[in-house]
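Colleague: According to mature numbering (1 follows the signal peptide of the UniProt record, and there is no 0), the sequence shown holds residues -18 to -1, 1 to 149 in order.
Heads up, the beta-carbon is just placed ideally off N, CA and C, and yes, glycines get one too.
Values in this document were obtained by computation on a predicted structure and should not be read as measured data.
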Amino acid sequence: MKILAFLALVALFAYAHADCMCSADDIKVVLENWESVWGAGFTGKRVAIMQAVFADLFAHHAEAEELFTRVNVAHPDSPEFKAHCVRIGNGLDMALNELADPATLDSALHHLADQHARREGVRHAHFMFMEDSFDRVLPQVIPHFNHDAWDSCYEKIAEGISSGLPA
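1. Which ranges would you report for the alpha helix (DSSP H) in the region 111 to 148 if only whole runs of at least 4 residues count?
2. Could you work out which residue in A41, V35 and F24 is closest to I70 when comparing CA atoms only?
3. Are there 16 or more other CB atoms within 10 angstroms of the CB of A131, so buried, or fewer, so exposed?
4. For the alpha helix (DSSP H) containing M3, list its first residue and its last residue.
5. Assuming the contact rule is C-beta atoms closer than 8 Å, I31 and V104 should be a hit. Round their C-beta distance to whole Å, please.
6. Check each candidate in V19, M3 and C4 and name the one with the smallest Cα separation from H126.
7. Three or more C-beta pairs under 8 Å: does that hold for the region 104 to 120 against the region 129 to 144?
8. Let me confirm a value: D96 is counted as buried when at least 16 other C-beta atoms fall within 10 Å, else exposed. Which label applies?
9. Who are the near neighbours of L94 in its chain, counting only those whose CB is closer than 7 Å to its CB and skipping five residues on each side?
10. Return the CA-CA distance between D75 and R100, expressed in angstroms with no decimal places.
11. Counting along the chain, where does the alpha helix (DSSP H) carrying F63 start and finish?
12. So what does DSSP say about P58, is it helix, strand or coil?
13. Alpha carbon to alpha carbon, how far is D117 from F63? Give it in angstroms, no decimals.
14. Please identify the residue among N79, L81 and F50 whose C-alpha is closest to the C-alpha of H66.
15. Does the Cβ of H98 have 16 or more other Cβ atoms within 10 Å, making it buried, or fewer, making it exposed?
16. Quick one, are the C-beta atoms of N128 and V55 less than 9 Å apart?
17. How many angstroms separate the CA atom of A41 from the CA atom of P84?
And the structure:
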């Protein structure tokens, strides 16, 4: 009987915490990881990192390129595409730094969700494809990259931005 009660308690705890993503420990690790490549001392490398993320995305999902024609994706070294890379990286930086402030994060993600909802062809899956690209690129530039913490926090952000988008 005690075992059944214990198992019921464990199941209840697991159910109650099933939607918990991105713990305080995850946030700390992710911010340390991210600061190592996006901090003030790395301004010159930011574009290259984001270009590598997009190159990886397009190598694995070529159809995603058509979503970026307005930012001159055909020429990844163009000022338009480089500026887009910086905007995406800075948006991610803002979201990562607001993870510990849920109200501010929710407001920012709602704004980004509205922007992405207006872009024809953007789907929830694209954000998961980007996660995969970050998972392949960031370990190359971040020593001791923590995939689990990154995935947990990135997914929280991606879910907020892609809410309401088609699958």
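Modeller: Taking the structure as given:
1. Here the runs fully enclosed are 129 to 144.
2. Against the sequence shown, residue 70 aligns to sequence position 88. For I70, the nearest C-alpha among the options comes from V35.
3. As a working mapping, residue 131 is identified with position 149 in the sequence shown. The residue is buried, with at least 16 neighbouring Cβ atoms inside 10 Å.
4. For the purposes of this step, residue 3 is taken as residue 21 along the sequence shown, with counting starting at 1. M3 -> no alpha helix (DSSP H), and no H or E assigned at all.
5. Position 49 of the sequence shown holds residue 31. Position 122 of the sequence shown holds residue 104. Between V104 and I31 the Cβ distance is about 22 Å, and since that is not below 8 Å, they are no contact.
6. Position 144 of the sequence shown holds residue 126. Checking every option, the nearest Cα to that of H126 belongs to V19.
7. yes
8. To locate residue 96, count along the sequence shown from 1; it is residue 114. Classification of D96: exposed, given that the 10 Å Cβ count is below 16.
9. Numbered from its first residue, the sequence shown carries residue 94 at position 112. Excluding positions up to five away in sequence, the list reads G73 and I143.
10. As a position in the sequence shown, residue 75 is number 93, starting the count at 1. As a position in the sequence shown, residue 100 is number 118, starting the count at 1. Straight-line Cα distance between these residues: approximately 22 Å.
11. Sequence index remark: in the sequence shown, residue 63 carries index 81 (1-based). It spans P61 to N79 - the alpha helix (DSSP H) in which F63 sits, taken as one unbroken run.
12. Along the sequence shown, read from residue 1 onward, the residue named residue 58 stands at position 76. Three-state DSSP puts P58 in coil, outside helix and strand.
13. Taking the sequence shown and counting its residues from 1, one reaches residue 63 at position 81. Taking the sequence shown and counting its residues from 1, one reaches residue 117 at position 135. F63 and D117: Cα-Cα distance of roughly 21 Å.
14. Counting from 1 along the sequence shown, the entry for residue 66 is found at position 84. Of N79, L81 and F50, the residue nearest in Cα terms is F50.
15. For the purposes of this step, residue 98 is taken as the residue at position 116 of the sequence shown. With 16 or more other Cβ atoms within 10 Å, it is buried.
16. Locating residue 128 in the sequence shown gives position 146, where the first residue counts as 1. Locating residue 55 in the sequence shown gives position 73, where the first residue counts as 1. Result no, Cβ atoms of N128 and V55 do not sit closer than 9 Å.
17. Against the sequence shown, residue 41 aligns to sequence position 59. Against the sequence shown, residue 84 aligns to sequence position 102. In a straight line, the C-alpha of A41 is about 34 Å away from that of P84.
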